[in-house]
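From first to last, the protein sequence lines are chains A and B. 1 is the number of the first residue of the first sequence in the working numbering; add one for each residue after it. 118 is the number of the first residue of the second sequence in the working numbering; add one for each residue after it. Quick reminder that beta carbons are idealized off the backbone N, C-alpha and C, glycines included. The structure under discussion appears below in the form of structure tokens.
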Amino acid sequence: DTGVSQNPRHKITKRGQNVTFRCDPISEHNRLYWYRQTLGQGPEFLTYFQNEAQLEKSRLLSDRFSAERPKGSFSTLEIQRTEQGDSAMYLCASSPLNRGSGANVLTFGAGSRLTVL
Amino acid sequence: AQSVTQFDSQVPVFEEAPVELRCNYSSSVSVYLFWYVQYPNQGLQLLLKYLSGSTLVESINGFEAEFNKSQTSFHLRKPSVHISDTAEYFCAVSDGSSGGSNYKLTFGKGTLLTVNP
Numbered sequence: 001d002t003g004v005s006q007n008p009r010h011k012i013t014k015r016g017q018n019v020t021f022r023c024d025p026i027s028e029h030n031r032l033y034w035y036r037q038t039l040g041q042g043p044e045f046l047t048y049f050q051n052e053a054q055l056e057k058s059r060l061l062s063d064r065f066s067a068e069r070p071k072g073s074f075s076t077l078e079i080q081r082t083e084q085g086d087s088a089m090y091l092c093a094s095s096p097l098n099r100g101s102g103a104n105v106l107t108f109g110a111g112s113r114l115t116v117l
Numbered sequence: 118a119q120s121v122t123q124f125d126s127q128v129p130v131f132e133e134a135p136v137e138l139r140c141n142y143s144s145s146v147s148v149y150l151f152w153y154v155q156y157p158n159q160g161l162q163l164l165l166k167y168l169s170g171s172t173l174v175e176s177i178n179g180f181e182a183e184f185n186k187s188q189t190s191f192h193l194r195k196p197s198v199h200i201s202d203t204a205e206y207f208c209a210v211s212d213g214s215s216g217g218s219n220y221k222l223t224f225g226k227g228t229l230l231t232v233n234p
């Protein structure tokens with residue numbers, strides 16, 4: 001297992017374009033999370049999946065953002081009509097479902113950095 | 118709602134000096150507490166966690182943190198730092214009241230530890 005994988009690592013786009021990020025979690029992890037990190041800030045929660053079900057979305061996730069996790073495996077985060085304020089590092093994390101000490105331990109990917117010109 | 122305060126955005130220290138990175142949290146329920154470390158151009162890595170039991174927790178590379186419920190703190194300490202400890206450190210909290218079924222981490226803004234020779 002190579003951990004949580006995110007692609008692309010870097011994306012530069014022009015304002016108004018659509019972008020999509022992909023996250024491949026650790027294979028046995030049922031839970032998958034998306035966070036956003038801007039310069040000088042800690043990661044902020046965006047959304048969360050348990051298997052294929054999206055169980056919570058933050059108010060930070062405007063209607064231009066959509067996340068999916070078909071078949072409960074990889075996930076995609078799409079941003080439509082990007083704005084300069086969307087420039088950030090988008091982090092994906094996963095964790096196991098079972099109760100116990102492992103459930104609350106999130107394993108993060110290296111992130112996808114978005115720059116909107 | 119939960120919140121985390123990391124008072125120091127930057128902490129410069131000399132190699133082999135002791136260091137303390139401060140973290141205070143606010144929560145109306147019991148909590149799980151975490152420290153994550155982020156090296157340049159890398160994702161977040163779990164450094165140590167408090168879930169239950171002993172209030173003093175240690176990492177494999179010499180860091181320790183103590184959960185102080187009365188002061189709502191979880192400060193990170195190391196008696197002697199190395200240049201390789203230079204990184205950004207994030208304190209995070211999650212809801213511990215539901216026996217491990219809750220998941221969402223709330224992060225502080227981070228503290229950049231710079232170890233100088």
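With a threshold of 6 Å on Cβ separation, who are the neighbours of residue i within its own chain once the five nearest residues in sequence on each side are excluded?
i	result
residue 18 of chain A	80
residue 132 of chain B	200, 232, 234
residue 25 of chain A	4, 32, 94
residue 196 of chain B	135
residue 141 of chain B	122, 189, 190
Just verifying my parser: in three-state terms, what is the DSSP assignment at residue i?
i	result
residue 84 of chain A	helix
residue 129 of chain B	strand
residue 63 of chain A	coil
residue 200 of chain B	helix
residue 14 of chain A	coil
residue 195 of chain B	strand
residue 166 of chain B	strand
residue 186 of chain B	coil
residue 57 of chain A	strand
Which chain E residues sit within Cβ distance under 9 Å of residue i?
i	result
residue 226 of chain B	Here the protein chains are A and B, and chain E is not one of them.
Which same chain residues end up closer than 7 Å to residue i when comparing Cβ atoms and leaving out the 5 residues on each side of it in sequence?
i	result
residue 68 of chain A	75, 76
residue 153 of chain B	161, 162, 163, 164, 207, 209
residue 15 of chain A	82, 83, 84, 116, 117
Please list the partners that residue i has in chain B, where partner means a Cβ-to-Cβ separation under 7 Å.
i	result
residue 110 of chain A	159, 160
residue 106 of chain A	222
With 16 other CB atoms within 10 Å as the buried threshold, where does residue i fall?
i	result
residue 64 of chain A	exposed
residue 39 of chain A	exposed
residue 173 of chain B	exposed
residue 204 of chain B	buried
residue 124 of chain B	exposed
residue 166 of chain B	buried
residue 155 of chain B	buried
residue 182 of chain B	buried
residue 107 of chain B	Because chain B in this structure spans residues 118 to 234, residue 107 of chain B falls outside the shown range and cannot be described.
Which chain B residues are close to residue i, counting only those with a beta carbon under 9 Å from its beta carbon?
i	result
residue 95 of chain A	220
Could you list which residues in chain A have their beta carbon closer than 9 Å to that of residue i, in chain order?
i	result
residue 207 of chain B	42, 43
Going by beta carbon distance, what residues of the same chain come within less than 8 Å of residue i, once the five residues before and after it are set aside?
i	result
residue 128 of chain B	136, 138, 228, 229, 230, 231
residue 225 of chain B	121, 122, 123, 140, 207, 208, 209
Quick one: which residues of the region 24-51 of chain A get their C-beta closer than 9 Å to a C-beta of chain B? List them in chain order.
31, 33, 35, 37, 40, 41, 42, 43, 44, 45, 48, 50
Any residues in the region 145-176 of chain B with a beta carbon nearer than 7 Å to a beta carbon of chain A? Which ones, in chain order?
149, 159, 160, 161, 163, 166, 168
So if I threshold CB-CB distances at 8 Å, which residues from the region 71-92 of chain A count as touching chain B?
Result list: 91.
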